[in-house]
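Convert by adding 13 to the 1-based position in the sequence shown; the result is the number in the working numbering.
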Amino acid sequence: MVELITKKDLQSNCLGKGLHEVAIEQPEWLLTTYESPVWYLRIDSKGYDNSHFTISWEYSFVKEICDRSPYWILVAKLATYHCMQSKKVKCNKTTSLAVYAREIRSICFWLCSERKCLGLESVTKTDIEAYETHVAGLYVTKGTVTTKLICLQTLWVLRAEIGSGLSFNPYVQTRSLSKKAKKIGSAGGHTPTILPNDFFSIINFSLDKLNDSKELIDLYAIYHTEKSLAFPKCSARKFKRKTGCQASELKRKIKVLYGAAIVIKLIFMGERKHELAYTKYSDVVELLSGEVDELRGTVTKTAKTPGGKATSRPVIKELLQALQVILELTALTRTDYAGDSLLLKLPLKKDDVEVYGPEVSTSVLYTILDNFTAEVFGGKVEKLRPHMFRRGFSMIWAWRFEVGDLYHLSKLLHHNTEVFTKAYTEDEDVFEFLPEAQQALMYDILEGALLGKSSIHGGVGKLMRRYGRVLQSQVTVVTPESAHRFVDSFVKRHDYKIVPQADGFCLIEKSREKYAKCSTDGKKPNYANRSDKACLECVNFGVTETRKSLWNKRKIAHETVFNSTDIEILQQASLEGIKRAETVIRWVSNDDE
Numbered sequence: 014m015v016e017l018i019t020k021k022d023l024q025s026n027c028l029g030k031g032l033h034e035v036a037i038e039q040p041e042w043l044l045t046t047y048e049s050p051v052w053y054l055r056i057d058s059k060g061y062d063n064s065h066f067t068i069s070w071e072y073s074f075v076k077e078i079c080d081r082s083p084y085w086i087l088v089a090k091l092a093t094y095h096c097m098q099s100k101k102v103k104c105n106k107t108t109s110l111a112v113y114a115r116e117i118r119s120i121c122f123w124l125c126s127e128r129k130c131l132g133l134e135s136v137t138k139t140d141i142e143a144y145e146t147h148v149a150g151l152y153v154t155k156g157t158v159t160t161k162l163i164c165l166q167t168l169w170v171l172r173a174e175i176g177s178g179l180s181f182n183p184y185v186q187t188r189s190l191s192k193k194a195k196k197i198g199s200a201g202g203h204t205p206t207i208l209p210n211d212f213f214s215i216i217n218f219s220l221d222k223l224n225d226s227k228e229l230i231d232l233y234a235i236y237h238t239e240k241s242l243a244f245p246k247c248s249a250r251k252f253k254r255k256t257g258c259q260a261s262e263l264k265r266k267i268k269v270l271y272g273a274a275i276v277i278k279l280i281f282m283g284e285r286k287h288e289l290a291y292t293k294y295s296d297v298v299e300l301l302s303g304e305v306d307e308l309r310g311t312v313t314k315t316a317k318t319p320g321g322k323a324t325s326r327p328v329i330k331e332l333l334q335a336l337q338v339i340l341e342l343t344a345l346t347r348t349d350y351a352g353d354s355l356l357l358k359l360p361l362k363k364d365d366v367e368v369y370g371p372e373v374s375t376s377v378l379y380t381i382l383d384n385f386t387a388e389v390f391g392g393k394v395e396k397l398r399p400h401m402f403r404r405g406f407s408m409i410w411a412w413r414f415e416v417g418d419l420y421h422l423s424k425l426l427h428h429n430t431e432v433f434t435k436a437y438t439e440d441e442d443v444f445e446f447l448p449e450a451q452q453a454l455m456y457d458i459l460e461g462a463l464l465g466k467s468s469i470h471g472g473v474g475k476l477m478r479r480y481g482r483v484l485q486s487q488v489t490v491v492t493p494e495s496a497h498r499f500v501d502s503f504v505k506r507h508d509y510k511i512v513p514q515a516d517g518f519c520l521i522e523k524s525r526e527k528y529a530k531c532s533t534d535g536k537k538p539n540y541a542n543r544s545d546k547a548c549l550e551c552v553n554f555g556v557t558e559t560r561k562s563l564w565n566k567r568k569i570a571h572e573t574v575f576n577s578t579d580i581e582i583l584q585q586a587s588l589e590g591i592k593r594a595e596t597v598i599r600w601v602s603n604d605d606e
């Protein structure tokens, strides 16, 4: 059905002439009429709460605040409409449109109530500057500021479609918008990085929960059997008498187990949040039955088609175990569910499934992860979110030298072919996250050295001891905050970068790259030319106690060569290798150079 709104209707409703002279056609992505005070957008991606796709046009605009509020309501609606309809704005999904709609609505409300602007064309550069000051006072991240400024600029970009607009482009120069966003946005805001030790602690904790899940799932079945046979108030008491277990404690453990199973899927699949929501129950059943060897899925974020792009990924036995646990935990909810989603709510809250539906939305998923986080870290880590696991998945290879050259990972994965290993170490997002991964690794190592949590040896060790003395002269007590500020300062001042390798790492100041012992041109390091002899003589080389096992293996290898050959030159080379290995082992064992 096509709904048409005439120019006459618009003028009578918006108290302003010239707005949108072309009739509006009812779009497919809008489930309500255009005139409706509340818009319900088509759900383009699973995993979001329904409220994400609901836009109210009236609650922010109070007539007593601004007589022109009907006009600004229409401006906000028109701008939102044309964000989706016009090719001038890169917005083709309602998940993004909902964000744009709220930001545009906020801008229009602010111009109406705070600046008392009569219309779009009356907005001045002073108003824009005032809005930027307002946004700066919100202390939001650079990304959020960028979205707000893009939506503000939209009121100029879509001026022809709206019928009116800003009389000037507020960000006409190349990159002026991004520079402004960087200037007024708060630092940080990107997805936090899970450091290697925490990452593997999460994996080990989750696998332990899965391995001990049978007894817990059996108790869960008994609890629901008793609940169905008794009055709700009596079921907990009957369950306690029958099993000796508190119903409340069982529920807590079940929540943690469900979280552990979901976390294993997120880690070993490297999925985005919406990919998790798109996982089909029927595909998992087919996988667990042995009919297929890979788990099918759907990704919509990078797909160029509305329906998304099909994916297929190899599955290890730990992931199969997690999927089996998810099926067993959700079996009760699935009896009255006609859909095909893998993740469903657990019937632990009264009437939750019946009232709000059985599928796991974003808010429900976050609650599950919060329960899991509290159990794993006991408050040390505030939140874990799907994209953090995706980053960890992508950055394992950047960390592998700091956690034992993939030893921990290979034990967990039981890989038989290189196909599986490549799936976890050569993901497309590795290159997206690599610079941040290496920076996070560098800060973790250097701050740990300044705080006395770990010792760095080699050329970098001497540098860090000097920096440590400087820091101690500046502060009374060396705290994590002071160490971080100090590291951040000298890393940025000297433009340091870290390059991890199996035998240690290079911490290189840009101006001193030419002094690297592995350099072949006298200008920059050549890491293909690295050797233990060159590294031990290099001022850029650092080694921590995590490398002790590797240098022990290297010593044994040199000893094997020495004992198995009569060639003098090989024996001499082996002896030198043994001495170098023993030097590093002594460093990291006795903290003495």
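We put the beta carbon where it would ideally sit given N, CA and C, even for glycine.
Quick one: grab the DSSP three-state call for LYS101.
In this structure, LYS101 counts as coil in the three-state DSSP scheme.
Quick one: Cα of ARG172 to Cα of VAL298, how far?
If you take the alpha carbons of ARG172 and VAL298, they lie about 52 Å apart.
Kindly give me the distance between the Cβ atoms of LEU133 and VAL88, rounded to whole angstroms, as I take these residues to be in contact under 8 Å.
Yes, they are in contact, since the Cβ atoms of LEU133 and VAL88 sit about 6 Å apart, within 8 Å.
By DSSP, does GLY535 sit in helix, in strand, or in coil?
In the structure shown, GLY535 sits in coil (DSSP, three-state: anything other than H, G, I, E or B).
Which partner residues does LEU520 have in the DSSP bridge list?
DSSP, once it has assigned bridges, lists ILE511 as partnering LEU520.
Looking only at its own chain, which residues have a Cβ that is under 6 Å from the Cβ of CYS130, when we skip the five neighbours before and after it?
Within the same chain, CYS130 has close Cβ partners LEU124 and VAL136.
Under 8 Å, with one C-beta from each stretch per pair, do the region 463-478 and the region 535-555 reach the 3-pair mark?
With a cut-off of 8 Å, the region 535-555 and the region 463-478 count as touching, because enough Cβ pairs lie within range.
Give the C-beta separation of HIS55 and GLU41 to the nearest angstrom, bearing in mind that I take them to be a contact with Cβ-Cβ under 8 Å.
The sequence shown places Arg at residue 55, not His. That pair is a contact at about 7 Å.
Return the CA-CA distance between GLU494 and PRO399, expressed in angstroms with no decimal places.
The alpha-carbon atoms of GLU494 and PRO399 are separated by roughly 27 Å.
Note down the Cα distance separating LEU588 from ARG543, rounded to an integer number of angstroms.
Cα-Cα distance, rounded: 19 Å.
Give the DSSP bridge partners of GLU372, in chain order.
For GLU372, which the question treats as bridged, DSSP gives the partners LEU357.
Considering just the uninterrupted stretch of the beta strand (DSSP E) at GLY481, what are its terminal residues?
Run containing GLY481: none in the beta strand (DSSP E); it sits in the alpha helix (DSSP H), 472-487.
I need the boundaries of the beta strand (DSSP E) containing LEU308, first residue and last residue.
Run containing LEU308: 307-312, per the beta strand (DSSP E) assignment.
To the nearest angstrom, report how far apart SER109 and GLY60 are at their CA atoms.
Each residue's Cα considered, the two are about 14 Å apart.
What does a CB cutoff of less than 7 Å around CYS164 pick up in its chain, not counting 5 residues either side in sequence?
Only TYR113, GLU116, ILE117 and ILE120 meet the Cβ criterion.
May I ask you to report which of helix, strand or coil DSSP gives TYR350?
In this structure, TYR350 counts as coil in the three-state DSSP scheme.
DSSP state of SER58, grouped into three classes?
If DSSP states are grouped into helix, strand and coil, SER58 belongs with coil.
Going by beta carbon distance, what residues of the same chain come within less than 6 Å of PHE218, once the five residues before and after it are set aside?
Cβ neighbours of PHE218 beyond the five flanking positions: VAL389.
Checking 8 Å against the spacing of the C-beta atoms, do LYS627 and GLU239 come in under that value?
Any answer about residue 627 is impossible in this case: the structure gives the chain only from 14 up to 606.
Go through its chain and collect everything with a Cβ distance to ASP353's Cβ below 7 Å, but skip five positions before and after it.
So the list reads LYS293, TYR294 and SER295, once near-sequence residues are dropped.
At 4 residues or longer, what runs of the alpha helix (DSSP H) sit wholly inside the region 228-308?
Here the runs fully enclosed are 245-256, 260-282, 286-291 and 294-301.
Put LYS363 into one of helix, strand or coil per three-state DSSP.
Note: LYS363 maps to coil in three-state DSSP.
Kindly list the residues whose CB is nearer than 7 Å to the CB of LEU301, restricted to its own chain and excluding five residues on each side of it in sequence; keep chain order.
Answer for LEU301: LEU333, LEU336 and GLN337, listed in chain order.
Roughly how many angstroms separate the alpha carbons of GLY517 and LEU308, rounded to a whole number?
Roughly 37 Å between the two C-alpha positions.
Rounded to whole angstroms, what's the CA-CA distance from ILE215 to LEU397? Just pull it up for me.
The alpha-carbon atoms of ILE215 and LEU397 are separated by roughly 10 Å.
Quick check: what's the CA-CA separation for SER577 versus ILE569?
Their backbone Cα atoms lie some 12 Å apart in a straight line.
What first and last residue would you give for the alpha helix (DSSP H) that runs through SER325?
No alpha helix (DSSP H) holds SER325; the beta strand (DSSP E) holding it covers 322-327.
Taking the alpha carbon of GLY303 as the point to measure from, which residue in LYS330, VAL312 and TYR291 has its own alpha carbon closest?
Of the candidates LYS330, VAL312 and TYR291, the one whose C-alpha sits nearest the C-alpha of GLY303 is LYS330.
Within 10 Å of its beta-carbon, does PHE122 have 16 or more other beta-carbons around it, so buried, or fewer, so exposed?
The residue in question, PHE122, is buried, as its Cβ has 16 or more Cβ neighbours within 10 Å.
Figure out for me which residue from LYS251, LEU289 and ALA453 has the closest Cα to the Cα of ASN210.
Nearest of LYS251, LEU289 and ALA453 to ASN210, Cα basis: ALA453.
Are the region 93-101 and the region 136-152 touching, with three or more C-beta to C-beta distances below 8 Å?
These segments do not touch.
Quick one: give me the first and last residue of the beta strand (DSSP E) that TRP52 is part of.
Segment 51-53, the beta strand (DSSP E) holding TRP52.
Does the separation of the CB atoms of ALA274 and LEU345 fall below 8 Å?
No, they are not a contact pair.
So is GLU71 buried or exposed if we call it buried at 16+ other beta carbons inside 10 Å?
It counts as exposed.
Would you kindly work out how many angstroms separate the C-alpha atoms of VAL373 and LEU340, rounded to a whole number?
Going by the C-alpha atoms only, they are around 14 Å apart.
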